[in-house]
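Shown next, in structure tokens, is the structure this report addresses.
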Amino acid sequence: MVGMSDSSVHAVAGAAGGCIAIPLVNLSTRSQVEAKSKKEASPFLRPRPANADIDPAIWQSTRSAALKVIQRDGIAGLYDGLSSSLLGIAVTNGIYYLCFEEARALVLRSRKGTRATLSTLESILVSAFAGAATSVLSNPIWVVNTRQTVRTTVASDRTAPASKKVIEKRRTIWQTIIDILRTDGPAAFFHGLGPALILVSNPILQFTLFEQLKNFILRRRALRLTKGNANAPPLTDLDFFLLGAVTKLFATSVTYPYLTVKARMQAGNAEGRSYSSSLDGLRKIVAREGPQGLYKGIAPKLTQSVATAALLFLAKEKIYNATRKALIGTVAKNVAKA
Numbered sequence: 004m005v006g007m008s009d010s011s012v013h014a015v016a017g018a019a020g021g022c023i024a025i026p027l028v029n030l031s032t033r034s035q036v037e038a039k040s041k042k043e044a045s046p047f048l049r050p051r052p053a054n055a056d057i058d059p060a061i062w063q064s065t066r067s068a069a070l071k072v073i074q075r076d077g078i079a080g081l082y083d084g085l086s087s088s089l090l091g092i093a094v095t096n097g098i099y100y101l102c103f104e105e106a107r108a109l110v111l112r113s114r115k116g117t118r119a120t121l122s123t124l125e126s127i128l129v130s131a132f133a134g135a136a137t138s139v140l141s142n143p144i145w146v147v148n149t150r151q152t153v154r155t156t157v158a159s160d161r162t163a164p165a166s167k168k169v170i171e172k173r174r175t176i177w178q179t180i181i182d183i184l185r186t187d188g189p190a191a192f193f194h195g196l197g198p199a200l201i202l203v204s205n206p207i208l209q210f211t212l213f214e215q216l217k218n219f220i221l222r223r224r225a226l227r228l229t230k231g232n233a234n235a236p237p238l239t240d241l242d243f244f245l246l247g248a249v250t251k252l253f254a255t256s257v258t259y260p261y262l263t264v265k266a267r268m269q270a271g272n273a274e275g276r277s278y279s280s281s282l283d284g285l286r287k288i289v290a291r292e293g294p295q296g297l298y299k300g301i302a303p304k305l306t307q308s309v310a311t312a313a314l315l316f317l318a319k320e321k322i323y324n325a326t327r328k329a330l331i332g333t334v335a336k337n338v339a340k341a
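Take 4 as the starting number for the sequence shown in this note's numbering and just add one per residue.
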């Protein structure tokens, strides 16, 4: 019952956090796919008239990037790709927890003992399997989402008179799918799968560090209790919030270069098509743009990831404790009635 609550918290918090943080993800993705070495207009910018004033340097900060999008496309521009993003979050959560629970059950059934919990190593392996399966099955959705985010409009009619106002429409999921099939073929739905599989290590790094830091803090506070300080509290809500934030900051900072490579490969521009592998992408970005090119758009991404992770860990602990108290209360009532 507690395990089911845990999975539900992940799904609900992930969907809610994803919806709220869409503008930050949008800005991060737009920045990631920009290649400074290209003379053409940044591939993440919407098609504009030839005399449009586009300054790639505007994407150097989160605030200026947001203002530029709002100025050109309105507030709605920050939510390009919202529909496919919400679909991706729902599918990703569903696949991940289905695979995780099935793999977990398989491991537990294979044991001869009676222990009903996974060891740390088993948890990491099961999580890695679930993450890899999720990456493979959900990759087509994230390719569509990336294309919607960086190529948001249907091509303008160049034959129309210059005096006639052109109405640009955002691509729907179906229009984006048709465009991908027409221009790149079915294989394009699996562009970026290599770095996506490497990014499976992100939550593993986070949860491993989280457990290590949590145990360290608990040991320190237990030591205070042995010295006569009975007021040393267990982990507080603030502790869980900060632990979630710090561990996600670490995990995202370490794996972010692969996010950049993944975004460029999925965007379908000339730069991304030139990458033969994840390592080749990393090498070319560093050679053409310097190491800083690997971390384009990291500010909004860190803001989104860290805040979402911190709230998730806090929510998980609150619901876990509430469920535990409810179970204990139910058992106590049943014993009293007996």
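C-beta atoms are modelled at their ideal positions from N, C-alpha and C, and glycine is treated no differently.
Item, Value
"Same chain only: Cβ atoms within 8 Å of Y278, ignoring 5 sequence neighbours per side", "V264, R267, M268, G284 and K287"
"Local conformation of R66 per DSSP, three classes", "helix"
"Span separating the alpha-carbon of T152 from that of V146", "10 Å"
"Meets three-Cβ-pair contact criterion under 8 Å: the stretch 206 to 216 and the stretch 243 to 262", "yes"
"CB of S126 within 8 Å of CB of K299, strictly", "no"
"Local conformation of R173 per DSSP, three classes", "strand"
"Spatial distance of K217 from I181 (CA atoms)", "48 Å"
"Inter-residue spacing [alpha-carbon to alpha-carbon] between F192 and Q74", "32 Å"
"Inter-residue CB distance, N142 and G195 (contact presumed, cutoff 8 Å)", "7 Å"
"Cα-Cα separation between A302 and S31, rounded to whole angstroms", "8 Å"
"Neighbourhood of G296 by C-beta distance below 6 Å, restricted to the same chain and skipping five residues each side", "I288"
"Buried or exposed (CB count within 10 angstroms, at least 16 for buried), F219", "exposed"
"Whole beta strand (DSSP E) elements within the stretch 221 to 290, 3-residue minimum", "none"
"For R114, the first and last residue of its enclosing alpha helix (DSSP H)", "Taken as a continuous stretch (DSSP letters only), R114 belongs to no alpha helix (DSSP H), as it is neither H nor E."
"Whole-number beta carbon distance between L85 and I25, since they are thought to touch under 8 Å", "6 Å"
"T137 versus R107: straight-line alpha-carbon distance, rounded", "15 Å"
"Same chain, Cβ closer than 7 Å to A131, neighbours up to 5 away in sequence not counted", "V203 and I207"
"Nearest-angstrom Cα separation, counted from I98 out to L212", "25 Å"
"For T120, the three-state DSSP class (helix, strand or coil)", "coil"
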